[in-house]
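In this note's numbering, the protein residues as written are 1348 to 1570.
Heads up: the structure comes next, in C-alpha cells.
Written as C-alpha cells, this is what we have:
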C-alpha cells in the first residue's frame, strides 16, 4: 500500500528562549493508506498536539507533514481548509452537533460546506450502517450520548474522507457505548478503506490496530 501521510522530523515548541516548552519532540512517521493507527498516552502527553499537526490544524515548528506527497505545512489557510474539508474527517470527544439542525442535516453539513452533492440515500445508508436510521429526523437534544457520537461519526464520513482523525472519540461515553461506537467506527473505516488515526487513553478500545504507539512527554514510541 502507498503511504498516504508521511512526517519528516516534525516537532512542536511553544514559546521562545527560557520560556520555550517542547510539546512534541522530533519524530518521523509513515501512514499507509487504509491502515489503523492508535496512539495511547495520558492527558498532557502530547498526543493531541501530534494529531493536530497530522491533520493540518496546526503547523510544526520544524519538519514537514506530507499528504500524498504534498507538504501541507506550505499550504495557505484557505488551501488547508479545502484539504481538510475534502480529504479529512474528524471525530472529537465532544460531539459538536448543531442543536438547531436535525440528525439528517447535521450529517449533510460537511458536504454542503465542501459543495459536494450527496443524495438522501447516501445519508440514510450511512445512518443505517451506524444504527441511527430511525433517528434522522430527531434533533440532538433528543439523542443519547452514544447516538450523538454516531451522528458525529456519520458527519465525519459523509464526504468519504481518505483519513479519519479521532481524538478521544469515546471520552464522554460509558464502556458499553464506547465498545459499540468503536465497533461501528472500525467496521465503517474498513468497509470504506479509510485510514484511521486515533488518540486515546483507553487501550482496550481497539484490540488489534495495525500500528500501536505510546506517547509520553512529547515522545512517540511504537509498541
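Just so it is clear, CB atoms sit at the ideal spot from N, CA and C, and this is done for glycine as well.
Check	Outcome
For residue 1564, the first and last residue of its enclosing alpha helix (DSSP H)	From DSSP, residue 1564 is part of no alpha helix (DSSP H); its letter is neither H nor E.
N-terminal and C-terminal residue of the beta strand (DSSP E) that residue 1440 is part of	Counting along the chain, residue 1440 falls outside any beta strand (DSSP E), and DSSP gives it neither H nor E.
Nearest-angstrom Cα separation, counted from residue 1530 out to residue 1495	15 Å
Environment of residue 1505 [buried if 16+ CB atoms lie within 10 Å]	buried
Residue 1358 to residue 1371 span [Cα, whole Å]	5 Å
Cut-off 7 Å between Cβ atoms - residues of its own chain near residue 1514, not counting five sequence neighbours on either side	1395, 1398, 1439, 1440 and 1546
Residue environment, residue 1436, which counts as buried when at least 16 other CB atoms sit within 10 Å	buried
8 Å Cβ shell around residue 1571 - same chain, five flanking residues per side excluded	Because the chain in this structure spans residues 1348 to 1570, residue 1571 falls outside the shown range and cannot be described.
Where residue 1560 falls, given that 16 or more other Cβ within 10 Å makes a residue buried	buried
Inter-residue Cα distance where the pair is residue 1483 and residue 1472	11 Å
Beta-carbon contacts of residue 1502 that lie in its chain and below 7 Å, excluding the five residues immediately before and after	1453, 1454, 1456 and 1457
Member of 1461, 1409, 1418 and 1449 whose CA lies at the smallest distance from the CA of residue 1434	1461
Residue 1380 versus 1392, 1368 and 1353, residue with shortest Cα-Cα distance	1353
Residue 1384, buried or exposed, once every other Cβ within 10 Å from all chains shown has been counted against 16	buried
Terminal residues of the beta strand (DSSP E) in which residue 1410 lies	1409-1414
CA-to-CA distance, residue 1355 to residue 1507, given in whole angstroms	27 Å
Beta strand (DSSP E) segments (min. 3 residues) lying fully within the segment 1489-1536	1510-1514
Residues near residue 1445 by beta carbon distance below 8 Å, same chain, minus five either side	1452, 1453, 1456 and 1487
Boundaries of the beta strand (DSSP E) in which residue 1461 is found, first to last residue	Here residue 1461 belongs to no beta strand (DSSP E), and DSSP marks it neither H nor E.
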